[in-house]
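Worksheet for the structure shown next.
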Amino acid sequence: MEKVIKINGMGCEHCIKSVKNALEGLKDIKIKNVIIGEAIVDIPTDYNLDLIMEALDDAGYEVESIQ
2 MEKVIKINGM GCEHCIKSVK NALEGLKDIK IKNVIIGEAI VDIPTDYNLD LIMEALDDAG
62 YEVESIQ
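Per the numbering used here, the very first residue in the sequence shown carries number 2; after that it's consecutive.
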């Protein structure tokens, strides 16, 4: 299932790389695109969204929403 993750705290190419690295560390996540302020990913329908929020928080970013 495709989800759009709105992310606060991103402002440059380094931020994009950091978010990609954080998401790549999660099992069953397929990254479609990451731009400043959001990431588009494919995840299983029953995926624990808290894992995404924790990974991005650990990388220094705040998840605004996951839709």
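Even glycine gets a Cβ: it sits at the ideal position worked out from N, Cα and C.
Here the structure is a predicted model, which is why all the values come from computation and not from measurement.
- Distance from the CA of Leu52 to the CA of Cys16, rounded to the nearest whole angstrom, comes to 19 Å.
- When the Cα atoms are used, Gly12 and Asp47 turn out to be separated by approximately 31 Å.
- Pairing Val5 with Glu39 gives a Cβ-Cβ distance under 8 Å.
- Per DSSP, the beta-bridge partners of Lys4 are Val42.
- Assignment of Asn22 by DSSP, reduced to helix, strand and coil, places it in the helix class.
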